[in-house]
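Q:
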Amino acid sequence: MTIDTYEIIGLLAAILTTAAFVPQVYKTWKTKSVEDISLTMYTVLFIGLVLWLAYGISLNSLPIIIANSVTGILVLMVIVFKFRYK
Numbered sequence: 242m243t244i245d246t247y248e249i250i251g252l253l254a255a256i257l258t259t260a261a262f263v264p265q266v267y268k269t270w271k272t273k274s275v276e277d278i279s280l281t282m283y284t285v286l287f288i289g290l291v292l293w294l295a296y297g298i299s300l301n302s303l304p305i306i307i308a309n310s311v312t313g314i315l316v317l318m319v320i321v322f323k324f325r326y327k
């Protein structure tokens, strides 16, 4: 299996956009502060990620599948923290 340039770009984009959520999840977990977290924004984002995941699966696109699976888990963690730490 060869990975072309566009696949590498997609994987790099997946890594960067997914990694962008790690500091928020860590900070929320560490401080247990959720008052500035928008539940509406994270809920809409989660639904969008699930739809992107379905789209990625339909295309059999590894970057889309990986990025949206991992980011979906991270976003879901923030949503759970929002309820747990309110």
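Quick note on numbering: the sequence shown equals residues 242 to 327 in the numbering used here.
Glycine is no exception: its CB is placed at the ideal position from the N, C-alpha and C atoms.
Using 10 angstroms around the beta-carbon of residue 322, count the other beta-carbons present and answer buried if the total reaches 16, otherwise exposed.
A: Here residue 322 is taken as the residue at index 81 of the sequence shown, counted from 1. The residue in question, residue 322, is buried, as its Cβ has 16 or more Cβ neighbours within 10 Å.
Q: Does DSSP put residue 273 in a helix, a strand or coil?
A: Within the sequence shown, residue 273 is the residue found at index 32, counting from 1. Three-state DSSP puts residue 273 in coil, outside helix and strand.
Q: Please give the ranges of any beta strand (DSSP E) in the segment 274-314, keeping only runs that are unbroken, at least 3 residues long and fully inside the region.
A: Complete beta strand (DSSP E) runs here, min 3: none at all.
Q: Could you give the residue range of the alpha helix (DSSP H) that holds residue 247?
A: Translated into the one-based positions of the sequence shown, residue 247 becomes position 6. From DSSP, the alpha helix (DSSP H) with residue 247 extends over 246-260.
Q: Using 7 Å as the threshold, is the C-beta distance between residue 306 and residue 297 below it?
A: The sequence position of residue 306 within the sequence shown is 65, counting from 1. The sequence position of residue 297 within the sequence shown is 56, counting from 1. Yes. Within cutoff.
Q: When you compare the CB positions of residue 316 and residue 280, do they come within less than 7 Å of one another, or not?
A: Position 75 of the sequence shown, counting from 1, holds the residue named residue 316. Position 39 of the sequence shown, counting from 1, holds the residue named residue 280. No. Outside cutoff.
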